[in-house]
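A short write-up of the structure that comes next.
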């Protein structure tokens, strides 16, 4: 029975795109849909697009409701969503295991510390090809390009190439932060 419980508490399924871990394979499969480019649900307030109604609802609560009803018992930080509070509370439990020797920031998993260490290196700076904002991690650059510069996630290769060539930015295909589902 104890071995069975361990199976359900260890995160053994990891996303190949963002490295997020899951206890169940089905949870990973559901998560993978979050990386899909199609986002048909639009926020009436800020006009951002979302992949489903649940994400749109969470966005509205987090960004536009103005209420933060959930408070951390340890540090008193407030959150608008209960799942954000629960995720935050885990940082108090596990945050002391792995510490950065350069800035003393703490992480609950070694892989997060290793990823963080790259942020201290000047040679790992990535520039947004559109606005030249600087990033230390590719996943943050990718998220920035998707959320800031693409009006809709339904972008095709031709639109992307035209946009990139207009601003005279040349990207190698493998380093381009835009993921295109189909070519036209």
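Residue numbers (this note's numbering): 1063 to 1246. Glycine residues also receive a C-beta, built at the ideal position from the N, C-alpha and C atoms.
{"Asked": "Assigned secondary structure, residue 1088 (DSSP; H/G/I helix, E/B strand, else coil)", "Found": "helix"}
{"Asked": "Neighbourhood of residue 1072 by C-beta, 6 Å cutoff - its chain only, sequence neighbours within 5 removed", "Found": "none"}
{"Asked": "Cα-Cα separation, residue 1106 to residue 1098", "Found": "22 Å"}
{"Asked": "Within 9 Å, strictly: CB atoms of residue 1159 and residue 1168", "Found": "yes"}
{"Asked": "Under the three-state DSSP convention, the category residue 1078 falls into", "Found": "coil"}
{"Asked": "Cα-Cα separation between residue 1198 and residue 1170, rounded to whole angstroms", "Found": "20 Å"}
{"Asked": "With 16 other Cβ atoms within 10 Å as the buried cut-off, status of residue 1207", "Found": "buried"}
{"Asked": "Nearest candidate by alpha-carbon position, reference residue 1077, set 1133, 1094, 1188 and 1187", "Found": "1094"}
{"Asked": "Under the three-state DSSP convention, the category residue 1073 falls into", "Found": "coil"}
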